[in-house]
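J.: Mind looking over this structure? Questions follow.
Here you go:
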């Protein structure tokens, strides 16, 4: 696999801000995320595309709690290699993205 990148995100679910003990604000969220990804395979002219789905992205969850599913459009050797690369190498990228998103949601408060 040459390179992979995340291209977009779709969020559905619930998010709210609450105030506790007078002035402490907390972000509470329970979201489902779908992210588009794209990669290039060595020796292949066309990019390979797919999605990563996170079924439960919730406040109070630890980084290690998140589970996701990688899908790929089409079939063939390039698609299989790209899917494996996203499942392995994309894990670090996705973990950083989810941690960053959680921080942004919490910093809104």
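Numbering (our numbering), first residue to last: 2 to 110.
Ideal Cβ positions, reconstructed from N, Cα and C, are used throughout, including at glycine.
Please name the residue or residues paired with residue 18 in a DSSP beta bridge.
T.: Working through the chain shown from its first residue, we reach residue 18 at position 17. BP columns for residue 18 point to 28.
J.: Excluding five sequence neighbours on each side, which residues of the same chain lie with their C-beta closer than 7 Å to the C-beta of residue 67?
T.: If you number the chain shown from 1, residue 67 lands on position 66. Counting only Cβ-Cβ distances below 7 Å, and skipping sequence neighbours, we find 55, 58, 99.
J.: How many Å lie between residue 10 and residue 45 at the Cα?
T.: For the purposes of this step, residue 10 is taken as the residue at position 9 of the chain shown. For the purposes of this step, residue 45 is taken as the residue at position 44 of the chain shown. If I take the Cα positions, the gap works out to 26 Å.
J.: What does the alpha-carbon distance come out to for the pair residue 79 and residue 47?
T.: Within the chain shown, residue 79 is the residue found at index 78, counting from 1. Within the chain shown, residue 47 is the residue found at index 46, counting from 1. Roughly 10 Å separates the two Cα atoms.
J.: Run through the DSSP bridge pairs and tell me what residue 6 is partnered with.
T.: The sequence position of residue 6 within the chain shown is 5, counting from 1. 39.
J.: Using only the alpha-carbon positions, how far apart do residue 88 and residue 71 sit?
T.: Along the chain shown, read from residue 1 onward, the residue named residue 88 stands at position 87. Along the chain shown, read from residue 1 onward, the residue named residue 71 stands at position 70. Cα to Cα, the separation comes out at about 7 Å.
J.: What would DSSP say about residue 87, mapped onto helix, strand or coil?
T.: Counted from its first residue, the chain shown places residue 87 at position 86. Helix.
J.: Quick one: what's got a C-beta closer than 7 Å to residue 95's C-beta in the same chain, skipping five residues either side?
T.: What you label residue 95 is simply residue 94 of the chain shown in a count that begins at 1. 53, 69.
J.: Can you list, in chain order, the residues of its chain with a C-beta nearer than 6 Å to that of residue 36? Leave out the 5 residues immediately preceding and following it.
T.: Locating residue 36 in the chain shown gives position 35, counting from the first residue. Cβ neighbours of residue 36 beyond the five flanking positions: 7, 10, 53.
J.: In terms of alpha-carbon separation, which member of 33, 22, 23, 49 lies closest to residue 102?
T.: On the chain shown, residue 102 is found 101 positions in, with the first residue counted as 1. The option with the nearest alpha carbon to residue 102 is 33.
J.: Measure how close the beta-carbons of residue 1 and residue 92 come, nearest whole angstrom, since I'm counting them as under 8 Å.
T.: Beyond the ends of the chain as shown, which are 2 and 110, falls residue 1; an answer cannot be given.
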